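Peer 1: Have a look at the structure that comes next, please.
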Amino acid sequence: MSEITSKTTRQQLAAIVVDKLRHHKIDAVLVGGSVVSIYTDNKYESNDLDFISPASHKKIVDAMTELGFMANGKDFVHPGTKFTVEFPTGPIGIGDDQPVQPEGKITVDGVDVKLLSPTQSVMDRLISFFVFNDRQCLDQAVWIADKHPINLDQVKAWAKRENQEEKLTVFLARIGRKS
Amino acid sequence: MYKALFGNEVAEHCLLYIVNYGEGHIRGIATTFDLSPGQVKPQLEKLERGGILVSQFAGNTKLFRINPRLAIRKELVALMEKILSVLPEDDIEQYYRERRRPRRTGKAL
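Residue numbers (my numbering), protein chains in the order written: chain X, 1 to 179; chain V, 1001 to 1109.
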C-alpha cells in the first residue's frame, strides 16, 4: 500500500486506512461527509473521513499510529495529508434505524472499502434536513440522487417511519419526483 | 421577489427564512438580511397576530415558527418552498444555506 502524501486522494486514504485496520482484524465502515464527496465527485468536499468501528479506541490508535497518524483529540491527523480521520461512536444509524448494515462498497487499489450506499447516504443527509433543517444536507442528498440511482421506495418507507413524509416532499420536488 | 404578495420585502424575508430553517428569531433574521432588528420585529409580530406564526421562548430568545394549527400551513409552506426553489443561486448561498447540523465541540472548521 502506498505512502500517504498530499497527493493521496480521499478514496486512496480510505483504502489505506481500511487495509491497515484489516491487518489488525478491525472492521470499519466509511460514513458521513466523505461518502457524499465520493458519490458527488467532490461537488461536496469533506476533509474528514469518518469510520464507524466496533473495535476499541486503543486497538484503533495502535493501527493508525503504524500509518503515521497522530491522535489529536478524537481526530487522527497525518503530516502528509489534509484529510483527518475520525472514529465516531457506533453503531451506524440513520435516524431511528440502527444498527444499519452498510450496502455500499468501493474497491481502491484492490482494497474493498465498505461504506453507505447512495440510497443510505441520501437518507443520512436527509435526516439532518429533517431534524435540524440543514439545507446544505438537503442539497447534498439531491446531488447524490443526481449522480446515482436511488431506491426511492426505501427512502419513502424510511421517511414514513421517521414521520417526515411532509419534509420528504421537498426532496422529491428537488429531484423532480412526486411523493 | 414576490413582496407584493406579502405586503413588503421584510415580511417575505421573514417567511422564507422561517420556512427554510424551520424557525427564526429577530436578530438572526435581521443579521442574515442585513436589516435592523427594528425592521424585522414588527413584521414577525404582525405575522404572529395574524395567526401565521407562533412564538415561544428558548432561554432569552423568542423563536418564531409557522403556526402548526394554521389551516393553510401545508399550502403556505409549499408556496414558500416553491419560491425558495426559484431564487437565484447567489441568494440561496448567501441567505439560506447556513449550516444547522451540529458540529462536535473542538472540531476544526
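Backbone N, C-alpha and C define an ideal beta-carbon position, used for all residues, glycine too.
Keep in mind it's a predicted model, so treat the numbers as computed, not measured.
Does the beta carbon of residue 1022/V sit closer than 8 Å to a beta carbon anywhere in chain X?
Peer 2: Residue 1022/V counts as touching chain X.
Peer 1: When the Cβ atoms of the segment 25-45 of chain X are set against those of the segment 108-124 of chain X, are three or more pairs found closer than 8 Å?
Peer 2: Yes, the segment 25-45 of chain X is in contact with the segment 108-124 of chain X.
Peer 1: Should residue 996/V be flagged as near chain X, meaning a C-beta pair shorter than 8 Å?
Peer 2: Because chain V is modelled from 1001 through 1109, residue 996/V falls outside the range shown and cannot be assessed.
Peer 1: Tell me whether residue 1057/V is buried or exposed, calling it buried when 16 or more other Cβ atoms sit within 10 Å of its Cβ.
Peer 2: Looking at its Cβ environment, which holds fewer than 16 other Cβ atoms inside 10 Å, residue 1057/V is exposed.
Peer 1: Are the Cβ atoms of residue 74/X and residue 66/X separated by less than 8 Å?
Peer 2: Contact flag unset, no.
Peer 1: Would you call the segment 115-135 of chain X and the segment 144-159 of chain X touching, i.e. three or more CB-CB distances under 8 Å?
Peer 2: The segment 115-135 of chain X is in contact with the segment 144-159 of chain X.
Peer 1: What residues in the segment 108-138 of chain X bring their beta carbon closer than 7 Å to a beta carbon of chain V?
Peer 2: Listed in sequence order: 128, 132, 133, 134, 135, 136 and 137.
Peer 1: Count the other CB atoms, across all protein chains shown, that sit within 10 Å of the CB of residue 162/X; report buried if there are 16 or more and exposed otherwise.
Peer 2: With 16 or more other Cβ atoms within 10 Å, it is buried.
Peer 1: Got a sec: is the Cβ-Cβ distance from residue 170/X to anything in chain V below 8 Å?
Peer 2: With 8 Å as the cut-off, residue 170/X counts as an interface residue toward chain V.
Peer 1: Note down, one range per segment and in chain order, each beta strand (DSSP E) of at least 3 residues found wholly within the segment 99-164 of chain X.
Peer 2: For the segment 99-164 of chain X, whole beta strand (DSSP E) runs of length 3 or above, ordered along the chain, are 104-108 and 111-115.
Peer 1: Once you ignore the five residues that flank residue 1052/V on each side, which residues in its own chain have a CB closer than 8 Å to its CB?
Peer 2: Closer than 8 Å at Cβ, skipping near neighbours: 1015, 1066, 1067, 1070 and 1076.
Peer 1: Whole angstroms are fine: how far does the CA of residue 100/X sit from the CA of residue 93/X?
Peer 2: One C-alpha to the other measures close to 6 Å.
Peer 1: According to the neighbour-count rule (16 or more other Cβ atoms, all chains shown, within 10 Å of its Cβ), is residue 11/X buried or exposed?
Peer 2: Classification of residue 11/X: buried, given that the 10 Å Cβ count is 16 or more.
Peer 1: What are the start and end residues of the alpha helix (DSSP H) that includes residue 1080/V?
Peer 2: That run of the alpha helix (DSSP H) goes 1073-1085.
Peer 1: Please state the DSSP three-state secondary structure of residue 87/X.
Peer 2: Three-state DSSP puts residue 87/X in coil, outside helix and strand.
Peer 1: With DSSP collapsed to three states, give me the class of residue 34/X.
Peer 2: Helix.
Peer 1: Could you tell me whether the Cβ of residue 1103/V comes closer than 8 Å to any Cβ of chain X?
Peer 2: Cβ-Cβ to chain X under 8 Å: no for residue 1103/V.
Peer 1: Take residue 83/X as the anchor and find which of 13/X, 154/X and 155/X has the nearest alpha-carbon.
Peer 2: Among 13/X, 154/X and 155/X, the Cα nearest to that of residue 83/X is on 13/X.
Peer 1: How long is the line joining the alpha carbons of residue 1049/V and residue 103/X, rounded to whole angstroms?
Peer 2: Using only the alpha carbons, I get a separation of about 50 Å.
Peer 1: Select from 8/X, 157/X and 139/X the residue whose C-alpha is nearest the C-alpha of residue 1113/V.
Peer 2: There is simply no residue 1113/V to check, as chain V begins at 1001 and stops at 1109 in what is shown.
Peer 1: Label residue 134/X either buried or exposed according to how many other C-beta atoms from any shown protein chain fall within 10 Å of its C-beta, with 16 as the threshold for buried.
Peer 2: Buried is the call here.
Peer 1: Near residue 90/X, which residues of its chain fall below 8 Å by C-beta distance, leaving aside the five closest residues on each side in sequence?
Peer 2: Taken in chain order, the residues that qualify are 52, 53, 54 and 99.
Peer 1: Residue 1018/V to residue 1093/V, Cα distance in whole Å?
Peer 2: For residue 1018/V and residue 1093/V, the distance between alpha carbons rounds to 16 Å.
Peer 1: What separation, rounded to the nearest whole angstrom, lies between the Cα atoms of residue 169/X and residue 45/X?
Peer 2: Rounded to whole angstroms, residue 169/X to residue 45/X spans 26 Å at the Cα level.
Peer 1: Find the nearest neighbour of residue 1034/V within the set 1045/V, 1042/V and 1010/V, judged by alpha-carbon distance.
Peer 2: Checking every option, the nearest Cα to that of residue 1034/V belongs to 1010/V.
Peer 1: Just to confirm before moving on: does the CB-CB distance between residue 1044/V and residue 1072/V stay below 8 Å?
Peer 2: No; because the gap between Cβ atoms is not below 8 Å, this pair is not in contact.
Peer 1: Can you list, in chain order, the residues of its chain with a C-beta nearer than 6 Å to that of residue 1095/V? Leave out the 5 residues immediately preceding and following it.
Peer 2: Taken in chain order, the residues that qualify are 1032.
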